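In order, the protein sequence lines correspond to chains F and A.
Mapped onto my numbering, the consecutive letters of the first sequence carry residue numbers 3 to 118.
Mapped onto my numbering, the consecutive letters of the second sequence carry residue numbers 3 to 118.
We treat Cβ as the ideally placed atom computed from N, Cα and C, and that holds for glycine.
Quantities reported herein were computed from a predicted structural model and do not represent experimental measurements.
There are 2 protein chains.
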Amino acid sequence: MKADNISDNIRSQMRKGVLEYCILSILSRKEAYASTILQELKDANMLVVEGTIYPLLIRQKNQGLLSYRWEESPQGPPRKYYCITDKGLEQLKEMDASWNELVSSIETIKNKNAGI
Amino acid sequence: MKADNISDNIRSQMRKGVLEYCILSILSRKEAYASTILQELKDANMLVVEGTIYPLLIRQKNQGLLSYRWEESPQGPPRKYYCITDKGLEQLKEMDASWNELVSSIETIKNKNAGI
DNA sequence: TTTCAATACCTTGCAACACAAAGTATCTAA
DNA sequence: TTAGATACTTTGTGTTGCAAGGTATTGAAA
């Protein structure tokens with residue numbers, strides 16, 4: 003119980019700052035609404051909850067990285083379909099670079115440990 | 003000026019939760035004091051400042067992941083040499099797993115975007 | 001002796017982030 | 001009209017990285 007919480011916490015902390023990257027990446031392919039995005043993240047083994055993703059989408063929209071339109075749902079209330087903007091695409095590029103740098107940095111540190 | 007700040011912010015956010023991993027990884031190889039760790043991170047292209055690393059080392063020591071001893075310096079005040087504990091090594095293993103999972107998740111999301 | 005610079009460590013206040021939990025609104029079917 | 005499912009929102013909490021400033025020790029210069 004406790005050990006799992008520690009693991010979950012590690013994963014949660016590592017996720018910070020990466021979720022925005024994931025969302026932009028997903029939306030760079032096709033527009034989607036929150037549930038679809040949540041499902042994609044789940045499929046990729048990145049468990050996230052509603053309370054995390056909604057504020058994040060609003061934040062990115064306020065930054066001009068995303069826009070949205072309402073669409074009727076076959077069942078239930080209307081859905082908010084988000085799509086990425088030009089500015090969002092630019093930021094996605096920067097995030098790609100940042101992510102690659104981070105991976106490279108970790109590699110360097112781990113390789114040193116391997117004895118190089 | 004502004005654009006660089008945005009990039010820096012992206013990198014800073016992505017670093018969250020990863021720095022602890024880096025420090026444990028560095029200390030799993032050899033004991034070291036703050037300046038050495040800072041230099042190693044700098045060599046790996048992960049720029050971090052003093053104000054970040056000192057509280058972090060204290061935190062990890064309070065969690066029992068690290069221990070330390072004082073050592074005289076050839077010039078200036080004594081140095082606090084940290085080394086990793088058994089508990090720290092255990093957590094490092096978990097962090098290795100978490101990191102690999104995160105990398106894998108991002109790959110999955112990006113590959114979907116490539117059209118698979 | 002006093003003063004200065006370099007080294008090393010520590011603290012405070014802040015903004016961003018992920019999350020749990022609870023709340024609001026819409027639609028359908030019983 | 002009531003119950004359930006869907007969809008979106010808000011509030012409060014704890015953690016993190018960072019900028020900025022502070023404290024303490026040492027050796028050498030004035």
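- Per DSSP, the continuous beta strand (DSSP E) segment holding Arg-81 (chain F) begins and ends at 81-86.
- The C-beta of Cys-85 (chain F) comes no closer than 8 Å to any C-beta of chain A.
- The criterion of a C-beta distance shorter than 8 Å is satisfied by Leu-67 (chain A) and Thr-87 (chain A).
- Take Met-16 (chain F), set aside five residues on each side of it, and no residue of its chain has a beta-carbon closer than 6 Å to its own.
- Along the segment 5-31 of chain A, going in chain order, the ones with a CB nearer than 8 Å to a CB of chain F are Ile-8, Ser-9, Ile-12, Arg-13, Ser-14, Gln-15, Met-16, Arg-17, Lys-18, Gly-19, Val-20, Glu-22, Tyr-23, Cys-24, Ser-27, Ile-28, Ser-30, Arg-31.
- By the Cβ criterion, the segment 68-87 of chain A is in contact with the segment 17-31 of chain A, since at least three pairs of Cβ atoms, one from each stretch, lie closer than 8 Å.
- Among the residues facing chain A, Thr-54 (chain F) is not included, as its CB has no counterpart in that chain under 8 Å away.
- Taking the C-beta atoms as reference points, Lys-63 (chain A) is found no nearer than 8 Å to Tyr-56 (chain A).
- Taken in chain order, the complete alpha helix (DSSP H) segments of 4 or more residues contained in the segment 48-81 of chain F are 52-64.
- The residue from A:Leu-21, A:Glu-73, A:Arg-61, A:Pro-76 with its alpha-carbon nearest to that of Val-51 (chain A) is A:Leu-21.
- Against chain F, the CB of Lys-112 (chain A) has a partner CB under 8 Å away; the residue lies at that interface.
- When C-alpha distances from Lys-112 (chain A) are compared across F:Ile-60, F:Cys-24, F:Asn-113, the shortest belongs to F:Cys-24.
- Under the criterion of beta carbons closer than 8 Å, Ala-46 (chain F) and Ser-100 (chain A) do not qualify as touching, at roughly 15 Å.
- Secondary structure at Ala-36 (chain F): helix, using DSSP grouped into helix, strand and coil.
- At least one CB atom of chain A sits nearer than 8 Å to the CB of Leu-104 (chain F).
- Boundaries of the alpha helix (DSSP H) harbouring Ser-27 (chain F): 21-29, taken from the DSSP string.
- DSSP places Lys-114 (chain A) within a helical segment (H, G or I) once states are collapsed to three.
- Proximity of Ile-108 (chain F) to chain A, defined by a Cβ-Cβ separation below 8 Å, is satisfied.
- At least one CB of chain F lies nearer than 8 Å to the CB of Glu-96 (chain A).
- The beta carbons of Ala-34 (chain A) and Leu-59 (chain A) sit about 10 Å from each other, so the pair does not count as a contact at 8 Å.
- By the CB criterion at 8 Å, Lys-18 (chain A) and Gly-78 (chain F) fall outside the cutoff.
- If you draw a 10 Å sphere on the C-beta of Glu-42 (chain A), you find 16 or more other C-beta atoms in it, and that means buried.
- Short of 8 Å from the beta carbon of Lys-114 (chain F), and not among the five residues preceding or following it, lies no beta carbon of its own chain.
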